[in-house]
Structures are given as C-alpha cells and as structure tokens.
Amino acid sequence: MEIRYAANPVDSKQYTTEKLRSEFLIESLFESGQINMVYSHHDRVIVGGAIPTNQVLTLDVGDALKTDFFLERREIGIVNIGPKGKVVVDGEEFELNKRDCLYVGLGKKEVTFHSEDSANPARFYLVSSPAHKEYPTKVLPIADAEPTKLGSDSESNNRTIYKYIHDGGLQSCQLMMGMTLLEPNNMWNTMPAHVHDRRMEVYLYFDMDEESRVFHFMGEPSETRHLVVKNEDAVISPPWSIHSGVGTKNYTFIWAMAGENYTFKDMDFVKMEDLK
43 MEIRYAANPV
53 DSKQYTTEKL
63 RSEFLIESLF
73 ESGQINMVYS
83 HHDRVIVGGA
93 IPTNQVLTLD
103 VGDALKTDFF
113 LERREIGIVN
123 IGPKGKVVVD
133 GEEFELNKRD
143 CLYVGLGKKE
153 VTFHSEDSAN
163 PARFYLVSSP
173 AHKEYPTKVL
183 PIADAEPTKL
193 GSDSESNNRT
203 IYKYIHDGGL
213 QSCQLMMGMT
223 LLEPNNMWNT
233 MPAHVHDRRM
243 EVYLYFDMDE
253 ESRVFHFMGE
263 PSETRHLVVK
273 NEDAVISPPW
283 SIHSGVGTKN
293 YTFIWAMAGE
303 NYTFKDMDFV
313 KMEDLK
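For what it's worth, this note's numbering labels the leading residue of the sequence shown as 43, then goes sequentially.
Structure below.
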C-alpha cells in the first residue's frame, strides 16, 4: 500500500507539475488480478481498486495498519464501475452490477472480491475511513438511489447526482460517498467552487474514452492549480482545496468524503471574482 503524507497549502504553491501529480494524483489503481491501495494522511482515507480475474481477491494490507484485520477500526464503501461481480463479507454475498454501491461496517473480518466472468471482470472502487461504531452492511443499487438533477445545458453542467453513503442513505460513521453523471455535451463539475475545511474529498473519474481528459482544478481559491486526469484516475483533494473540473467530453465521477462533519451544509462557497 502506497503512503501519501498530508500537504499544506503554503508548500503546495511552490509545487512543479510533477510534484503536484505525485502528491495528489492517483494513477494505476486498477490492474487485473490485483488490489491496489493508497493511504492518505488527509483524514486517514484509503483509496483502492480491485479487479478479480481468475483468483479471488481478499481485502488485506498485511501489517500496514497495525491491526488484526482491515476493518477492525474502519468502514468502507465499494462501488462497482465495471461488469457484474460480487463481494463476500464474512460469508454473506452481495451482488453488484455496474454503479451499485456496498457499505461494509466496522468489525467485519473477511471481505473478498469476485467477478461473474473472469474474462470480463468487475472493477471495484474502494474508499475507506476510520470508524468508531458498527453500522449495517448493505447494498444500494443505483436503480434504488434517489437521483438529484442539477445544472443546465447553458452552463455546461447538466448532471445527475446519486448519493449513496450519507445520513439519508446508507448509514456510516463519517464516510460519505456518491456519484455524479454528466449529460452528453456537458463538461463542468462543481463550479462555482467551494471548500470544506473540516473534511477531505477524493474524486475518481471514469467512463472516459482513451483520448478524453479532465482538467481537475485544485488549490486555495486565490492560488488555483490543475491536474490533467485520464480515465480511472483519482485525485486526493485536501480540506483547504477547491475541487472542480472540466472535461474534453462528458464523464462520470465518484466523490467520497471523510472528516469532522457528516453533512452537506458545511461548504464554504467561493465567489467567481475570488478565484485566481
């Protein structure tokens, strides 16, 4: 498991493009037959990808967490972004079609990943945060998730938001997770921008073709920077940073948050005239 240490905004102003990418951009999460994970010191969030092919993959990072098993003091959200698969949690099976979400609570000892067709495997995206209380392990299919329509064609941000793990959906300690789908010919997300200094966020961009790119904007509102992001790249967004983007085509992204607050009302919006 790769370790990423927390970065502060003063130092980040001096980063080169290469340094900015090495600190905040996560590439190569999804590799056939493997689980890859990155541990961020921003709110102790772990981001991962799992593609089970001919062998079952088990959620395990060895001695990296200094616990007896992965979820001893953690919870996790899992979204399948590929073909049908299943996750087995302490012997209980949960089937996940594309864009379905599974929440697994504190204390579950064994979590394994399986594909229905090893030649066309599932692609599981994982986000985990520390937890202090056990909540039920449940699936929320995208067909049962309540869609919220926002934006407009005139603003190039006509989109649908699905909230998976939150106070009104799958319950958790601090992890919040959802997905945003942009309609064709719409490319902007999260603009006007905001920050939430009490919790970090991580984005996974996917459903992009090989040539498409997203320009992900980050940094303090008065000192913005950008990352050029390709399909299935993830971005760590520190609490002090905006997190917005525009693509060469429409795309889909999964957002996940963890930290001090468990609410969508703690956002500090940034006026357009204050962005630099």
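C-beta atoms are modelled at their ideal positions from N, C-alpha and C, and glycine is treated no differently.
Cβ atoms of Ser286 and Asn200: under 8 Å apart, would you say? no
Specify, as a first and last residue, the run of the alpha helix (DSSP H) that Val52 falls within. 51-54
Measuring CA to CA, which of Lys318, Trp282, Lys272 is closest to Ser70? Lys272
Which of the three DSSP states, helix, strand or coil, is assigned to Glu176? coil
Is Val87 close to chain D? Criterion is C-beta to C-beta, closer than 8 Å. You won't find chain D in this structure, because it holds only one protein chain.
Proximity below 8 Å, CB of Arg116 to CB of Ser171: yes
Taking a contact to mean a Cβ-Cβ separation below 8 Å, would you say Ile284 touches Gly261 in this structure? yes
At which residue ranges does the segment 106-130 contain complete beta strand (DSSP E) runs of 3 or more residues, listed in the order of the chain? Annotation note: the segment 106-130 contains the following uninterrupted beta strand (DSSP E) runs of length 3 or greater, listed N- to C-terminal: 116-122.
Residue(s) in a DSSP beta bridge with Tyr247: Phe295
Simplified DSSP assignment, three categories, for Phe72: coil
Reference Leu269; option with closest CA among Leu99, Asn50, Glu135, Glu60: Glu60
Out of Ala298, Ile184, Glu265, which has the shortest C-alpha to C-alpha gap to Tyr57? Glu265
Do Val87 and Ala300 have their beta-carbon atoms positioned less than 8 Å apart in this structure? yes
Nearest-angstrom Cα distance between Gly149 and Glu176? 7 Å
Looking at the secondary structure, which residues open and close the alpha helix (DSSP H) in which Thr59 lies? For Thr59, the enclosing alpha helix (DSSP H) begins and ends at 59-66.
May I have a chain-ordered list of the beta strand (DSSP E) segments no shorter than 3 residues that lie completely inside the segment 177-209? Counting only runs of 3 or more residues that sit fully inside the segment 177-209, the beta strand (DSSP E) segments are 180-182, 189-192, 201-207, in chain order.
Less than 8 Å separating the beta-carbons of Pro263 and Asp316? yes
Identified DSSP bridge partners for Leu99: Paired residues: Phe155.
In three-state terms, what does DSSP make of Met314? Helix, per DSSP.
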